[in-house]
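Quick notes on the structure that follows.
2 protein chains.
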Amino acid sequence: LKLIVEYDGTDFRGFQSQGQGNRTVQSVLAEAIQPIIGQDHLTIHAAGRTDTGVHAVGQVISFATASQLPIERWAIALNSRLPRDVAVASAEEAPDDFHARFSARSRTYRYAIWTRRTRSALWDRYSLHVRHPLNLAEMREAARSLVGVHDFAAYKRAGGNPGPTTVRNLQRLSIHRLPSGLILVTVTANAFLRSMVRNIIGVLIEIGKGDLPPAAAQEILATRERIQNPCAPAAPHGLCLWRVEY
Amino acid sequence: LKLIVEYDGTDFRGFQSQGQGNRTVQSVLAEAIQPIIGQDHLTIHAAGRTDTGVHAVGQVISFATASQLPIERWAIALNSRLPRDVAVASAEEAPDDFHARFSARSRTYRYAIWTRRTRSALWDRYSLHVRHPLNLAEMREAARSLVGVHDFAAYKRAGGNPGPTTVRNLQRLSIHRLPSGLILVTVTANAFLRSMVRNIIGVLIEIGKGDLPPAAAQEILATRERIQNPCAPAAPHGLCLWRVEY
């Protein structure tokens with residue numbers, strides 16, 4: 329089965345279960361799915377293993393089951409068991425070889441930045457509050473220099489194990505300002521290194537504030553070393569997994 | 329002073345204080361303002377006395393004070409004292425005769441409707457979930473018949489005391505569908521009767537579902553009696569006070 333899942337990441341320790349006692353999206357989903365599939369062994373795969381506090385409107389998960397529950401009943405059955413901050417948007421049957429993570433061709437994330445001098449009562453959970461006005465022209469110039477196939481080692485998670493390669497294809501990195509003043513950064517790649525989106529946003533914000541020149545994004549990239557990147561990753565609560573393409 | 333105030337209405341018993349023990353927006357604002365103005369007697373006026381559960385991004389309040397706090401410090405000082413679900417967007421000095429309620433020329437509200445078959449994990453707090461697809465063309469036809477100066481007694485709160493007149497000037501009633509599928513109804517009037525927006529939305533939803541014909545909105549209006557209106561008011565959590573014009 330292939331499910332599209334939404335969640336408000338505020339009260340989760342990320343997507344992936346890591347031992348006992350942590351409330352993760354995966355563990356909450358497993359608790360809702362297991363009673364439906366009965367004795368079947370459950371392994372949930374996800375397109376994006378989102379960090380603590382990151383939200384999703386288009387997370388995709390897959391798992392195998394022999395359950396006879398009609399496909400059109402799955403979303404309703406799960407939503408009635410899931411807590412309010414997780415919802416299944418849709419469910420469909422997938423080919424036997426479908427794997428939410430390995431079959432994905434690209435992922436799109438959105439990062440929201442609130443730049444009004446005063447904080448927001450409604451967007452606080454879903455956006456980073458930056459009190460400085462941001463120079464979008466310079467952020468866009470920097471963004472253009474990151475698009476393409478590059479070694480993104482300088483934008484990976486500090487100290488993490490990135491796997492066999494740190495080369496990724498960044499297909500889109502665009503920046504829009506909504507009428508409310510909210511700034512949305514949309515970023516698409518074949519796949520992302522751990523914390524890569526938040527590290528890119530962290531650099532773009534420093535550039536938008538004027539603390540780094542637009543050329544810094546490319547210069548940091550060229551070092552291929554996380555330790556050469558002076559910027560902290562942007563906070564997780566501004567980030568949302570938007571869509572996964574197969 | 330004139331303040332623009334935002335709040336998430338979920339955990340409030342509406343704007344206006346009504347006796348002890350209820351958490352209202354007014355009481356929370358008063359608690360934050362009183363320490364700043366010291367011994368001054370505080371009376372807060374608001375452009376819209378929103379019901380329990382209704383949100384705001386553009387509520388306007390006014391009060392008199394002799395405080396010497398510089399005007400540019402007010403929003404920051406209040407936001408540091410206010411809980412996370414209330415924020416002051418901006419503060420400015422107003423003329424002596426300014427009154428947030430009586431000086432207002434018009435109010436704009438927005439009502440959000442989520443029509444996907446499955447519920448939303450992110451929009452649940454801020455939109456009404458209607459599982460039926462809605463016919464926007466028929467809703468718009470009905471909306472057009474309500475725009476103008478009319479006696480809206482059939483759309484007032486059942487049992488409430490509406491004041492000296494139930495005639496209001498409905499200046500705008502428009503309906504848009506966002507890319508996410510969320511439907512936004514925007515409604516502007518010189519002023520609203522209590523629960524009038526929610527009663528209008530309640531009728532429009534029945535029309536959108538096909539349970540009432542588009543002509544019903546005008547027929548209900550013509551009865552001038554709330555008891556002739558068969559529709560319940562739409563739930564408060566989809567409603568947001570958007571903007572007030574002076």
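For the protein sequence lines, the chains are A and B, in the order given.
According to the numbering used here, the first sequence holds residues 329 to 574 in order.
According to the numbering used here, the second sequence holds residues 329 to 574 in order.
Glycine included, each C-beta is placed from N, C-alpha and C at the ideal position.
Separation of ILE361/B from GLN396/B, as counted between CA atoms: 13 Å
State yes or no: is the C-beta of SER448/B within less than 8 Å of the C-beta of ALA562/A?
no
**Request:** Report the option in ASP339/B, ILE404/B and HIS369/B whose CA atom is closest to the CA atom of ASP413/B.
**Result:** ASP339/B
Practice problem: Report the three-state DSSP secondary structure of GLU553/A (helix, strand or coil). | Solution: coil
From this set, VAL382/B, ALA419/B and LEU410/B, which residue's C-alpha is nearest PRO398/B's C-alpha? ALA419/B
Name the DSSP beta bridge partners of ALA432/A, please?
Per DSSP, none; premise fails for ALA432/A.
Q.
Assuming GLN362/B is part of the alpha helix (DSSP H), what are its boundary residues?
A. 353–365
From LYS537/A to ALA470/A, what does the alpha carbon distance come to, in whole angstroms? 13 Å
### Message
Using CA atoms only, rank isn't needed, just tell me which of ALA394/A, ILE533/A and ALA403/A is closest to GLU334/A.
### Response
ALA403/A
Q.
Counting only beta-carbon separations shorter than 8 Å, does ARG412/A have a partner in chain B?
A. yes
Exercise for the section: Can you give me the Cβ contacts of HIS373/A inside the same chain, cut-off strictly under 6 Å, excluding the 5 residues immediately before and after it? Expected result: SER390, HIS427, ALA428 and ARG429
State buried or exposed for TYR574/A, treating a residue as buried only when at least 16 other CB atoms are found within 10 Å of its CB. exposed
* Buried versus exposed, by CB contacts within 10 Å (16 or more), ARG526/B -> buried
| Delimiting residues of the beta strand (DSSP E) encompassing ILE332/B | 330–335
* To do: With distances taken Cα to Cα, identify the nearest neighbour of ALA519/B among SER455/B, GLU534/B, GLU547/B and ALA432/B.
  => ALA432/B
Interface residues of chain B facing GLU334/A [CB-CB closer than 8 Å] = SER448, ALA449 and LEU450
When you compare the CB positions of LEU532/B and ALA517/B, do they come within less than 8 Å of one another, or not?
no
Q. What beta strand (DSSP E) runs, 3 residues minimum, are completely inside the segment 495–557 of chain A?
A. 495–505 and 511–517
Listed in chain order, which residues of the segment 385–399 of chain B have Cβ atoms closer than 8 Å to some Cβ of chain A? VAL385
Which value, in whole angstroms, describes the spacing of the CA atoms of TRP291/B and ILE441/A? Not covered by the structure: residue 291/B. The range shown for chain B is 329 to 574.
When burial is assigned at 16 or more other CB atoms within 10 Å of the CB, is ALA375/B buried or exposed?
buried
**OP:** Please classify TYR574/B: does DSSP put it in a helix, a strand, or coil?
**Re:** coil
Helix, strand or coil: how does DSSP classify HIS478/A here? strand
Taking the alpha carbon of GLU553/A as the reference point, which residue from PRO507/A, LYS484/A and PHE343/A has its own alpha carbon closest?
LYS484/A
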